[in-house]
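For reference, the structure discussed in these notes is given below.
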Amino acid sequence: MTLKNIYSKLLMVLMLMVFGIPATKAQVQDSAQVLTLHDFHQLILQYHPVASQAALLTEQARQELRMARGTLDPVISSKLYRKEYNGKEYYTLWNNTLRIPTWFGPELIAGYDQTQGQYLNPEATTPDKGLSYAGISVPLGQGLFIDERRATIRQANLMQGIAEAERVKLINKLLLQATKDYWDWLLYYREMQLYQESLELADFRLKAVKARVQEGDLAAIDTVEALIAVQDRQVMLQQAQLAYNNARLMVATHLWAEDQVPLELKEQTVPALIGSELTSLPQDSVQQLLAIAKANHPDLRKLNLKGQQLEVEQRYAADKLKPKLNVEYNVLQSDFYLDTDILERQHLGANYKLGVSFSLPLFLREERGKLQLTKAKRQVNNLEQKQAVREIENNLLAAFNEWQALEEQIRLQEKMVKNADILRNGEVIRFQNGESSLFLVNSREVKLMESQLKLYALKAKYAKAKTLLYWSAGRIEVN
Numbered sequence: 000m001t002l003k004n005i006y007s008k009l010l011m012v013l014m015l016m017v018f019g020i021p022a023t024k025a026q027v028q029d030s031a032q033v034l035t036l037h038d039f040h041q042l043i044l045q046y047h048p049v050a051s052q053a054a055l056l057t058e059q060a061r062q063e064l065r066m067a068r069g070t071l072d073p074v075i076s077s078k079l080y081r082k083e084y085n086g087k088e089y090y091t092l093w094n095n096t097l098r099i100p101t102w103f104g105p106e107l108i109a110g111y112d113q114t115q116g117q118y119l120n121p122e123a124t125t126p127d128k129g130l131s132y133a134g135i136s137v138p139l140g141q142g143l144f145i146d147e148r149r150a151t152i153r154q155a156n157l158m159q160g161i162a163e164a165e166r167v168k169l170i171n172k173l174l175l176q177a178t179k180d181y182w183d184w185l186l187y188y189r190e191m192q193l194y195q196e197s198l199e200l201a202d203f204r205l206k207a208v209k210a211r212v213q214e215g216d217l218a219a220i221d222t223v224e225a226l227i228a229v230q231d232r233q234v235m236l237q238q239a240q241l242a243y244n245n246a247r248l249m250v251a252t253h254l255w256a257e258d259q260v261p262l263e264l265k266e267q268t269v270p271a272l273i274g275s276e277l278t279s280l281p282q283d284s285v286q287q288l289l290a291i292a293k294a295n296h297p298d299l300r301k302l303n304l305k306g307q308q309l310e311v312e313q314r315y316a317a318d319k320l321k322p323k324l325n326v327e328y329n330v331l332q333s334d335f336y337l338d339t340d341i342l343e344r345q346h347l348g349a350n351y352k353l354g355v356s357f358s359l360p361l362f363l364r365e366e367r368g369k370l371q372l373t374k375a376k377r378q379v380n381n382l383e384q385k386q387a388v389r390e391i392e393n394n395l396l397a398a399f400n401e402w403q404a405l406e407e408q409i410r411l412q413e414k415m416v417k418n419a420d421i422l423r424n425g426e427v428i429r430f431q432n433g434e435s436s437l438f439l440v441n442s443r444e445v446k447l448m449e450s451q452l453k454l455y456a457l458k459a460k461y462a463k464a465k466t467l468l469y470w471s472a473g474r475i476e477v478n
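434 is the number that numbering that gives the first Met the number 0 gives to position 435 of the sequence shown; each next residue is one higher, with no gaps.
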């Protein structure tokens with residue numbers, strides 16, 4: 000067997016290893032530390048500052064509700080006034096009050112007053128042991144069915160749902176960008192591997208050509224042709240390495256350790272070569288995703304809950320158009336301690352303090368303006384909600400169409416890669432038989448590389464389209 004035949008067979012074996020069977024990539028992955036997309040997502044959800052910030056939104060809403068509920072806290076107050084002039088005690092006033100708001104409107108009241116002095120106002124005079132009272136204040140007009148306290152608490156309750164929707168939105172946005180960066184990382188990793196393998200093949204071919212030139216089988220000019228191919232692929236490899244390193248940096252920006260300590264990807268860490276395989280989505284799944292999006296999409300949930308908040312605000316604004324009519328009744332007794340006869344009819348009819356208050360603005364301009372403003376806000380919110388539903392539906396359908404189109408393109412591109420491989424191998428055989436030139440072999444090989452690179456790019460777009468589809472439905476799969 001001549002040296003020419005030996006180099007030809009070795010060349011064919013090397014090309015099959017590089018372009019036919021991905022053995023080199025498998026060996027590289029076996030010796031490297033693989034970061035899967037699932038592990039990548041788990042690290043992001045656990046330690047990323049944006050994920051921690053999103054979790055704090057729920058806590059903030061919980062504290063807002065706690066603050067709103069504080070309007071129903073009982074309030075105790077005590078006042079002591081004393082006046083003395085020229086050795087005379089004018090008066091000493093000691094007033095103590097406990098007010099207990101209730102959810103349904105009325106307010107429970109209890110108190111104890113004790114006064115003394117020579118110049119007391121007669122209405123402030125109390126028995127020597129003081130005067131205690133207990134009663135209730137009831138709003139019969141404004142505040143009967145809703146008041147500021149109840150409106151605030153209901154809106155704070157709804158705010159928890161809004162905060163949860165905002166949390167999901169932040170997480171979805173974070174995972175979408177992180178996943179896109181991961182697939183770019185994988186794309187450039189595959190490109191770098193392909194250029195590395197093609198450079199090894201070109202370098203091997205250069206040595207083979209030099210050997211054949213020495214034997215007199217090829218012209219010396221073929222050495223220059225083979226050297227140009229090596230140099231061209233060195234440049235392409237450097238460009239691919241630059242893109243890969245930048246993609247690694249983008250992925251590393253999403254990696255954090257505990258206490259918000261940034262992490263860096265080790266050089267031997269590589270992406271997993273899985274996840275971009277073709278997975279057909281049934282047509283009925285699109286309808287299911289549309290139903291999920293309408294029910295749980297964070298943007299729609301926020302608008303829906305905001306509409307409920309505005310509904311509460313409108314009810315409260317409408318209630319402000321009513322007059323303020325409050326009735327207060329307190330039963331009195333002549334000391335601090337509760338007597339057994341305080342609830343007797345005779346005592347209740349002879350020892351009480353009753354009050355009625357009424358007020359109404361004559362023009363109600365502030366109240367009417369507030370009501371109309373709230374109605375306008377509800378209309379704006381309803382229009383935003385309708386527009387959001389349409390945009391979400393169309394975005395989801397567009398993502399699904401892209402998924403299907405990329406699926407067909409990938410199948411077609413795989414056939415093109417196979418055909419380019421057949422042409423390249425045929426050109427190599429012709430070159431071995433002296434029927435072709437090294438230039439044509441390199442040209443066929445470049446076409447094969449371009450087809451493979453396009454296939455890698457389509458698979459990266461396909462993987463991104465899957466993530467975009469679920470993001471459009473308001474949820475991103477992390478498994």
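Ideal Cβ placement from N, Cα and C applies to all residues, glycine included. For clarity, every value in this text was computed on a predicted model and none was experimentally measured.
Nearest residue (CA-CA) to Arg247, options Gln230, Arg232, Tyr188 and Gln332 = Locating residue 247 in the sequence shown gives position 248, where the first residue counts as 1. Cα-wise, what sits closest to Arg247 is Tyr188.
Quick one, are the C-beta atoms of Gly104 and Pro138 less than 8 angstroms apart?
-> Numbered from 1 along the sequence shown, position 105 holds the residue referred to as residue 104. Numbered from 1 along the sequence shown, position 139 holds the residue referred to as residue 138. Yes.
Do the CB positions of Leu36 and Thr222 come within less than 8 angstroms of each other?
-> Indexing the sequence shown from 1 puts residue 36 at position 37. Indexing the sequence shown from 1 puts residue 222 at position 223. Cβ distance not < 8 angstroms, so Leu36 and Thr222 don't count as in contact.
Where Leu144 sits in the DSSP three-state scheme = As a position in the sequence shown, residue 144 is number 145, starting the count at 1. According to the sequence as given, residue 144 is Phe; it is not Leu. Coil, per DSSP.
Residue range of the unbroken alpha helix (DSSP H) whose run includes Asn381 = As a working mapping, residue 381 is identified with position 382 in the sequence shown. Element bounds for Asn381: Arg364 to Gln431.
Environment of Tyr84 [buried if 16+ CB atoms lie within 10 Å] = One-based indexing of the sequence shown puts residue 84 at position 85. Exposed, since its Cβ has fewer than 16 Cβ neighbours within 10 Å.
Rounded to whole angstroms, what's the CA-CA distance from Gln308 to Lys374? Just pull it up for me.
-> Against the sequence shown, residue 308 aligns to sequence position 309. Against the sequence shown, residue 374 aligns to sequence position 375. Roughly 12 angstroms between the two C-alpha positions.
Endpoints, the alpha helix (DSSP H) within which Thr57 is located = Walking along the sequence shown from the start, residue 57 turns up at place 58. Element bounds for Thr57: Pro48 to Arg68.
Between the beta-carbon of Trp402 and the beta-carbon of Lys465, is there less than 8 angstroms?
-> For this step, residue 402 is matched to residue 403 along the sequence shown. For this step, residue 465 is matched to residue 466 along the sequence shown. Against a cut-off of 8 angstroms, the Cβ pair of Lys465 and Trp402 comes out as a contact.
Tyr111 lies in the beta strand (DSSP E); which residues open and close that run?
-> Counting from one through the sequence shown, the residue named residue 111 turns up at place 112. Residues Glu106 to Gln115.
Buried versus exposed call for Phe18 [16 or more other C-beta atoms within 10 Å across all chains shown] = Here residue 18 refers to the residue found at position 19 when the sequence shown is read from its first residue. Because Phe18 sits at a pLDDT of 42, beneath the cut-off of 50, its placement in the model cannot be relied upon, and the point is left open.
Taking Cβ positions only, does Asp112 come closer than 8 angstroms to chain B?
-> In the structure shown, chain B does not exist; there is a single protein chain.
Euclidean distance between Cα positions of Tyr46 and Phe39 | Along the sequence shown, read from residue 1 onward, the residue named residue 46 stands at position 47. Along the sequence shown, read from residue 1 onward, the residue named residue 39 stands at position 40. Cα to Cα, Tyr46 sits roughly 11 angstroms from Phe39.
Quick check: the stretch 319-337 against the stretch 121-136, are there 3 or more CB pairs under 8 angstroms?
-> yes
The beta strand (DSSP E) with Ile501 in it runs from where to where?
-> Outside the displayed range of the chain (0 to 478) lies residue 501, so it cannot be described from this structure.
Reducing DSSP to helix, strand and coil, say where Leu133 ends up.
-> Here residue 133 refers to the residue found at position 134 when the sequence shown is read from its first residue. Reading off the sequence, residue 133 comes out as Ala, not Leu. Strand, per DSSP.
Beta strand (DSSP E) containing Leu92: first to last residue?
-> The sequence position of residue 92 within the sequence shown is 93, counting from 1. Per DSSP, Leu92 belongs to the beta strand (DSSP E) from Lys87 to Pro100.
Secondary structure of Leu468, DSSP reduced to three states = Numbered from its first residue, the sequence shown carries residue 468 at position 469. If DSSP states are grouped into helix, strand and coil, Leu468 belongs with the helices.
Alpha carbon to alpha carbon, how far is Gly215 from Lys417?
-> Numbered from its first residue, the sequence shown carries residue 215 at position 216. Numbered from its first residue, the sequence shown carries residue 417 at position 418. Cα-Cα distance, rounded: 34 angstroms.
To the nearest angstrom, how far is it from the Cα of Ala25 to the Cα of Phe399?
-> Within the sequence shown, numbered from 1, the residue matching residue 25 stands at position 26. Within the sequence shown, numbered from 1, the residue matching residue 399 stands at position 400. Since pLDDT at Ala25 reaches only 41, below the 50 mark, its modelled position is unreliable, and the value read off the structure follows with that caveat. The alpha-carbon atoms of Ala25 and Phe399 are separated by roughly 32 angstroms.
Among Ala316, Leu467 and Leu411, which has the Cα closest to the Cα of Ile145?
-> What you label residue 145 is simply residue 146 of the sequence shown in a count that begins at 1. Closest by alpha carbon: Ala316.
C-alpha gap between Tyr243 and Glu276, whole angstroms | Here residue 243 is taken as the residue at index 244 of the sequence shown, counted from 1. Here residue 276 is taken as the residue at index 277 of the sequence shown, counted from 1. Taking the straight line joining both Cα atoms gives about 21 angstroms.
Counting pairs of beta carbons, one from the stretch 198-212 and one from the stretch 225-239, are three or more of them closer than 8 angstroms?
-> yes
What did DSSP end up calling Leu267 once you bin it into helix, strand or coil?
-> The sequence position of residue 267 within the sequence shown is 268, counting from 1. Just to set this straight, residue 267 is Gln in the shown sequence, not Leu. It is coil, neither helix nor strand.
Is it a yes or a no for the stretch 449-463 touching the stretch 162-170, going by three-plus beta-carbon pairs under 8 angstroms?
-> no
Same chain, Cβ closer than 7 angstroms to Leu422, neighbours up to 5 away in sequence not counted = If you number the sequence shown from 1, residue 422 lands on position 423. Result list for Leu422: Arg443, in chain order.
Count the other CB atoms, across all protein chains shown, that sit within 10 Å of the CB of Gly425; report buried if there are 16 or more and exposed otherwise.
-> In the sequence shown, counting from the first residue as 1, residue 425 sits at position 426. Exposed: under 16 other Cβ atoms inside 10 Å.
Beta bridge counterpart(s) of Lys352 as assigned by DSSP | Locating residue 352 in the sequence shown gives position 353, where the first residue counts as 1. Its beta-bridge partners are Asn329.
Where DSSP assigns a beta bridge to Ala256, which residues make up the other side?
-> Taking the sequence shown and counting its residues from 1, the one referred to as residue 256 is at position 257. For Ala256, which the question treats as bridged, DSSP gives the partners Val260.
Between Gly473 and Met158, what straight-line distance do the alpha-carbon atoms span, to the nearest angstrom?
-> The sequence position of residue 473 within the sequence shown is 474, counting from 1. The sequence position of residue 158 within the sequence shown is 159, counting from 1. Approximately 19 angstroms, taken between the alpha carbons.
Run through the stretch 278-331 for me and flag every whole beta strand (DSSP E) of 3 or more residues, listed as ranges in chain order.
-> none
Distance between beta carbons of Phe357 and Leu320, contact taken as under 8 angstroms | For the purposes of this step, residue 320 is taken as the residue at position 321 of the sequence shown. For the purposes of this step, residue 357 is taken as the residue at position 358 of the sequence shown. With 8 angstroms as the limit, Leu320 and Phe357 do not qualify as a contact, their Cβ atoms being about 15 angstroms apart.
Pro121 by DSSP, collapsed to three states: which one?
-> As a first step, residue 121 is located in the sequence shown; it is residue number 122 there, counting from the start. Looking at Pro121 - three-state DSSP - the assignment turns out to be helix.
Distance between Glu390 and Ser279 (C-alpha atoms, nearest Å) = Position 280 of the sequence shown, counted from the start, is the residue given in the question as residue 279. Position 391 of the sequence shown, counted from the start, is the residue given in the question as residue 390. Near 24 angstroms, if we compare the C-alpha coordinates of Glu390 and Ser279.
Taking the DSSP output, what are the residues bridged to Phe357?
-> The residue you call residue 357 lines up with position 358 of the sequence shown. Phe357 pairs with Leu324.
Would you say the stretch 280-300 touches the stretch 353-368, given that touching needs at least three Cβ pairs under 8 angstroms?
-> no
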